[in-house]
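**Student:**
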Amino acid sequence: MTGAVRFRLTDDQRALRRGVREVLERRFARDALRAAVDGGTLDRGLWRELGRAGFFALRLPEADGGAGLGLPEAVLAFEEAGRVLLPGPLVATHLAAGRIPGAARGEVVVTAVTGRLVEWLDAADVVEGDATGAEPVRSVDPLTPLHRLPADRPEAAGANRAADVADGVQVTGGAQAVDGAEVTSVMHAAGGAKVTSVTHAAGGAEVTGVAQAVKAACAAGATGAADGAHAAHLAAVLLTAAEQLGSAGRTTELAARYACVREQFGSPIGAFQAVKHLCADMLVRVEVARAAVYAAAVTGDPVDVAAAKLLADEAAVRGARDCLQVYGGMGFTWEADVHLHLKRAWVRAERGMTARVAEEVCAAALGPDAADHSV
Amino acid sequence: MTGAVRFRLTDDQRALRRGVREVLERRFARDALRAAVDGGTLDRGLWRELGRAGFFALRLPEADGGAGLGLPEAVLAFEEAGRVLLPGPLVATHLAAGRIPGAARGEVVVTAVTGRLVEWLDAADVVEGDATGAEPVRSVDPLTPLHRLPADRPEAAGANRAADVADGVQVTGGAQAVDGAEVTSVMHAAGGAKVTSVTHAAGGAEVTGVAQAVKAACAAGATGAADGAHAAHLAAVLLTAAEQLGSAGRTTELAARYACVREQFGSPIGAFQAVKHLCADMLVRVEVARAAVYAAAVTGDPVDVAAAKLLADEAAVRGARDCLQVYGGMGFTWEADVHLHLKRAWVRAERGMTARVAEEVCAAALGPDAADHSV
Amino acid sequence: MDLAYGEAEEDFRRRLRQWLAGALPALPPKPAPDDWPARRAYDTGWQRMLYDAGYADVHWEASPTLRLIFLEETELAGAPYVGANFVGLLHAGPTIAAEGTAAQRERWLEPILRGDEVWCQGFSEPGAGSDLASLRTRARRDGDAYVVTGSKIWTSHAEVADWCELLVRTDPGAPRHRGISWLALPMDAPGVTVRPLRTLAGPAEFAEVFLDEVRVPVANRVGEENDGWRVTLVTLSYERGTAFAGEVVACRRVLGELAREARGNGRWDDDALRRRLGRLAAEFRALWRLTQWNVSEAEATGAVPGTGGSVFKLRYSHARQELYDAAAEVLGPGCLDLDGAWTADRLSSLSYTIAAGTSQIQRNIVAERILGLPKGR
Amino acid sequence: MDLAYGEAEEDFRRRLRQWLAGALPALPPKPAPDDWPARRAYDTGWQRMLYDAGYADVHWEASPTLRLIFLEETELAGAPYVGANFVGLLHAGPTIAAEGTAAQRERWLEPILRGDEVWCQGFSEPGAGSDLASLRTRARRDGDAYVVTGSKIWTSHAEVADWCELLVRTDPGAPRHRGISWLALPMDAPGVTVRPLRTLAGPAEFAEVFLDEVRVPVANRVGEENDGWRVTLVTLSYERGTAFAGEVVACRRVLGELAREARGNGRWDDDALRRRLGRLAAEFRALWRLTQWNVSEAEATGAVPGTGGSVFKLRYSHARQELYDAAAEVLGPGCLDLDGAWTADRLSSLSYTIAAGTSQIQRNIVAERILGLPKGR
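Protein chains in written order, with the working numbering: chain G, 1 to 375; chain P, 1 to 375; chain R, 1 to 377; chain W, 1 to 377.
1) Thinking C-beta only, is leucine 95(P) closer than 8 Å to alanine 232(P)?
2) My output table needs one value for tyrosine 51(R): the three-state DSSP class, helix, strand or coil.
3) How is arginine 202(R) classed by DSSP in three states: helix, strand or coil?
4) Start and end of the alpha helix (DSSP H) containing isoleucine 365(W)?
5) Can the beta-carbon of alanine 98(R) be found closer than 8 Å to that of valine 249(R)?
6) What residues in the stretch 313-330 of chain P have a beta carbon less than 8 Å from any beta carbon of chain A?
7) Near arginine 48(W), what residues of its chain come up, given a Cβ to Cβ distance below 7 Å and the 5 sequence neighbours on each side ignored?
8) Mind reading off the beta-carbon distance from glutamate 283(W) to alanine 328(W)? Whole number of angstroms is fine, and I expect it under 8 Å.
9) So serine 181(R) is in the beta strand (DSSP E); what residue range does that whole segment cover?
10) Return the CA-CA distance between lysine 313(R) and arginine 176(R), expressed in angstroms with no decimal places.
11) I'd like to confirm something about glycine 68(G): is its beta-carbon nearer than 7 Å to some heavy atom of the ligand ATP, or not?
12) Anything in chain G within Cβ reach of threonine 65(W), meaning under 8 Å, just list it in chain order.
13) How many Å lie between serine 151(R) and tryptophan 36(R) at the Cα?
14) Please work out which residues of its chain come closer than 6 Å, Cβ to Cβ, to cysteine 335(W), disregarding the five sequence neighbours upstream and downstream, and give them in chain order.
15) If you run the structure through DSSP and keep just helix, strand and coil, what is glutamate 206(G)?
16) Using the beta-carbon of each residue, which ones in chain W are nearer than 8 Å to arginine 275(R)?
17) Going by beta-carbon coordinates alone, are valine 113(P) and valine 126(P) separated by less than 8 Å?
18) Does any CB atom of chain P fall closer than 8 Å to the CB of glutamine 18(W)?
19) Quick one: using the 10 Å Cβ neighbour count with 16 as the cut-off for buried, is aspartate 34(R) buried or exposed?
20) Can you tell me whether alanine 259(R) is buried or exposed? The criterion is at least 16 other CB atoms within 10 Å of its CB, across all chains shown.
21) Given alanine 326(W), which residues of its chain have a CB within under 8 Å of its CB, disregarding the five upstream and five downstream residues?
22) Nearest CA to the CA of histidine 277(P): which residue from Ser124(R), Ile365(R), Leu76(R) and Lys30(R)?
23) Quick one, which residues of the stretch 249-267 of chain G are near chain P if we go by CB-CB under 9 Å, in chain order?
24) Can you tell which of Gly45(W), Ile69(W), Asp57(W) and Leu135(W) has the C-alpha that lies nearest to the C-alpha of alanine 245(W)?
25) Between leucine 143(G) and the rest of its own chain, which residues show a CB-CB distance below 7 Å, the 5 nearest in sequence each way excluded?
26) Let me make sure I understand the geometry here. Which of Trp229(W), Gly306(W) and Thr307(W) has the alpha-carbon closest to that of serine 181(W)?
27) Just checking, does the stretch 263-270 of chain G make contact with the stretch 126-146 of chain R on the three C-beta pairs under 8 Å criterion?
28) Using three-state DSSP, classify valine 148(R) as helix, strand or coil.
29) Please report the Cβ distance between aspartate 270(W) and aspartate 269(R), rounded to the nearest whole angstrom; I am assuming they are in contact, meaning their Cβ atoms lie under 8 Å.
30) Identify whether histidine 147(P) lies in helix, strand or coil by the three-state DSSP scheme.
31) Strictly below 8 Å CB to CB, what residues from chain R border arginine 348(G)?
32) Please report the straight-line C-alpha distance between proline 203(R) and valine 108(G), rounded to a whole angstrom.
33) Where does aspartate 11(G) land, buried or exposed, given buried means 16+ other C-beta within 10 angstroms?
34) Find the residues of chain P that neighbour glutamate 351(W), judging by a C-beta separation of less than 7 Å, and give them in chain order.
35) Run down chain R in chain order and give the residues with a C-beta less than 9 Å from the C-beta of histidine 147(G).
36) I'd like to know if the stretch 357-369 of chain P and the stretch 215-231 of chain W are in contact, where contact means that at least 3 CB-CB pairs between them fall below 8 Å.
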């Protein structure tokens, strides 16, 4: 073990990334993307294929049918998902793998209440958190159907505030549910059907099975449950950051490519410094965010995760904005994918941890006596 | 009176601006500027000449020996002062004209405590506000000697906080002084000499004369005094903004001129879009700040004044920064004037009203029921 | 330096305000956002009301100051926007007035003022955006007509327009700016196809216009053949500093609404957000003053400083985008709701740094024409 | 993907830390900031201590990882900076090591490592900044010597240096990059005049160097005649992603100090300022990770990604300026005090977006070499 620091992709990680990219290129190429934009429904076949490819089970132990990999590998997979704007409640289902039967194999679609929002509620078989009273919203992002909890519901307001400091998958909501009293708040199917409606989910998972799975997840006791919830929350935030990173990398590529081919005033617009420097700044944001996201995947440190989310959100939102500027009028059309990246980036910026909260987390870590430096 | 809106300089105002510029070009050309930088003392001859030219008495009624002009004209004069980095406590002396004998004619140098800082304390004959215990500071700006009030003095702390909402000339301090108990805190000469030391000032103003002048200024009663203090404070903030505007305009000119003559890679650097666009953004900030400063001079509205200070501070500080970037290494030398603009802009940004306070003032004006629109 | 208006202006304002108070309640209900024929009818109906009240020509005959007052007061009163009449009133009309023959002025101007005819603009092409002079739509002379083939993009209200002010290349051999002509194209001519153009903000009023061997009478050419570029510049410089005057008023209203919303939902207590709104308030105050400054200069000299408004547009475009980003922060997760208060405006604000001259092009103009920096690179 | 170090590295870190704990108290007191001879003595004394302890060659022989650990630990321990040894250790030395003859290596390398000789850099000229290849200092061959005339600027430590790595034009007729040679100039040669260069930060270690018919032996040329540009690039690419490693550690310390100060003076309660510091904390965390990433790549492939650190430098330069602007906000009016905690660093940070390749040049590099955008314009 005399090796130097190896903060770079291993061969296995490169292979994994290549593998995920190939699956997505095959199953979710641009025509599939535009079909998803027009259709608005979740492609269950694609979901199962993602399951078969190990997208959801990536971090499950091999004994449980998973790939036994870690957060760094999950981050690489989610980065690829972000690149191609893969739709669906990917993070919630990934986090449910091994806990909610069928999630690991993509046979069940799991979504979660985050703050006051629920993504893909109608398409989901299982909802983590209390989505009672959620109303559909005409989502700004054609690739992310949204429901919103009423603002005047005390719990929702509470959740919203809690969301400000520890947003994400509300496992505590799930824990309540194992008492059986509020099962509907854990499970959800269109129309508010009771928990038995879960049986309509592919794979035939049963209510008791799910409830027990949630129970098991909390079995380690209050502390353990809190730890688990915290870890799941951090993972949710980080995987969202990874999606943002993928989107940011993609819009940077798109802008650079367009700048090479679009001509005005007798040369490619990428030959003009104004455009050139816009693209350079996009790339810088991507690479800085990448270092932060990958490092957080290695350390799992909450402050690293907050920093990663903050920088990845910025890279994604500003990347899409700048890409739109490079595309000019063409970027303003519905047919260009730029706006899909921007709108999705807005959705993800609100998911799990907002910039405001991330900044507070990073500031709080500047302890009064902190020589804030960790190798 | 059927004229259209005439929010532009009148012929008289153009003539005034030209006149001030000529005086300054003659009496404070670049060699005088660099001599001031090296010397660090106030040129009393120049001060008197400014007095003779009407710089301080501009707004005094003609009956009192002034020019009978208004804030718009004062703003134009201070803009010119800002352009050439004219040193000295210009604002405090201007505001003292007609109130403190000798100020109008530039025979007395008046400074004022603003927040916890006092500019040009050693050079001043009269200090408005309580400067007791002020310690010299090695000023970042070679053209603005600074003293600082101790942080642990309760009044200073209070002043500092008060400064956050209504900074500027502390006329209330002057009013205290007329009781005679704390006269030294109003009058000041090097070495802490008592009030009689004012007699060393050119013009031979006497203590009682000054004290009575201050008394007279406050004679209108508590309300009147408060109004007067408020108006004086607003004028101080606005004239500082005008100086910032002048500096911003000047650094924009300097940058554009340098970009036309400095060659790299076979052409003037101003031909490269990166430099070109930097300069364009500088000009935009100047013109927007100009509209705000001139409008505030016309309306005298406190929110307009706050907006003017905010935008002029930004135009000046960022203008100097960008000018430095255009100048490259040359801008980093002591011999280039760029850094003088930057450092002075920093000093003025702290004077009277900071960006933070200005933003709060503008936000507060967004009343709950405000259709915030005034013609 | 003054911000007071003359008596005549104040009188104009009073009468306008009075008229608006009576006229607006008489308006029909607003049509659905994507019912273009209904929107045309609504917009032209409003124009007819203005015509009957004597305000139709405010953009043409009135002084810049009166125009400013008109824009301010109609915005404050919540009157309809110029809408489908935009190109007729603010582009094609002024061009014809300045460069057209007596017959052309006779034929086209009155119907614009009365709201009888709607114009659209056929300038941009897929390959000619910032570099408008590279346009390729070709017009070949054939007897007393031009035969036009090509395509145009970003043509607002094309579906409901009667006429299109069209830039075409009449001499492909000439230098780029020298071979262009300005034509009035009847939109019902054979060979004209209009395809609605969906934008990231959803269905909007934009369209693509395809021209396949369309015959346009030579009599419809305004200005000399191959002199269309100059004719167009006349149009572009027509605006007298008032281009965004109504919008600035509207932005200040939005800012007040944002403050109210933030006070209601608790976000106002966030120092950073509150001060951000304060900074935007300063910004839009200054932009209103800059508008008044530009109008005053235009009134006195006939020219808008800042090279015809480039300085203003650069800052305003950016400020408008900042405004709606701040709105999103005020709303929090609510900003993702398309039916929410400011989401649609946030989306459409994205075009501001692109349309009518990108910010990059505007910076070139400011740097080269005002600051005198060298061209090229 | 790993952030753990190997046993050998951790062992190196432990031993270094131990040595520093013993060595630092033995240092003489720090010299006055503008006493250049005393600073030279201090810096070279420290280098001699490193030499005796076996750390002198950490920049040359050690792996990038060990170098990173060295920079991190010395910064954390508050050890002296490389100071006057900078050019010798990080520019001239590596160049001679890579391109010099055996005799040249013999003559010059050991004295650098021992702190016996100090080098300075004569690259930039008043007319050749970003466009270094336009340099005009002329070297005419005369027997076994070059006769050099011209001037250099931004030469750090020139007043106390023994040698200067000098770029000169040996073939004025050749294309810009082809007529340049690299010479080792003895600073005591007749015709060399050094004039201290005052900067906006006050008296600093910079100087101008004037060369008037200075004779430099041909034997002092490193590399072939007219091949100096390539030789220089070797130097420039020598750094292995660690250029600002110590500074990033220092910036994170400053950020902690700012938080402490803000908590003490009440500014911490300002949401906007506190979150601004939080954002900077995220920024510098990420920059440290990017350093580790670049070092890891350099370790594995020999090359620093982001085209040798341009990506890093762009962001770091900006973040460093932001840091000291935030410091000014924490201090309020105290930021105007030159003796205050961070004022001098704020002033010197202004050079970061200019020196060693302006941010504009770095963006060109990133866009053209990484993103493949076309040259020109």
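Beta carbons are placed, not taken as given, at the ideal position from N, Cα and C, and that holds for glycine. None of the values given here were measured: they were computed from a predicted structure.
**Tutor:** Quick look at the numbers:
1) yes
2) helix
3) Checking the displayed sequence, the identity of residue 202(R) turns out to be glycine instead of arginine. Strand, per DSSP.
4) 359-365
5) no
6) Absence of chain A from the displayed structure is noted, the protein chains being G, P, R and W.
7) Arg114 and Gly115
8) Actually they do not touch by this definition, with Cβ atoms about 17 Å apart.
9) 180-186
10) 26 Å
11) With respect to the ligand ATP, the structure offers nothing, as it holds no ligand at all.
12) Ala4 and Val5
13) 22 Å
14) Ala328
15) Only weak support exists for where glutamate 206(G) lies, its pLDDT of 31 falling under 50; the coordinates are left without a value.
16) Ala272
17) no
18) no
19) exposed
20) buried
21) Leu258, Leu273, Arg276, Leu277 and Leu280
22) Ile365(R)
23) none
24) Ile69(W)
25) Ala36, Val37, Leu85, Pro87, Leu340 and Arg344
26) Trp229(W)
27) yes
28) strand
29) Not confirmed; about 13 Å, so no contact.
30) strand
31) Correct list: empty, because the minimum Cβ distance to chain R is about 10 Å.
32) 35 Å
33) exposed
34) The question names glutamate, but residue 351(W) is serine in the sequence shown. Going along chain P in sequence order, the residues near serine 351(W) (Cβ under 7 Å) are Phe332.
35) Going along chain R, no residue has its Cβ under 9 Å from histidine 147(G), so there is no contact; the nearest lies around 11 Å.
36) no
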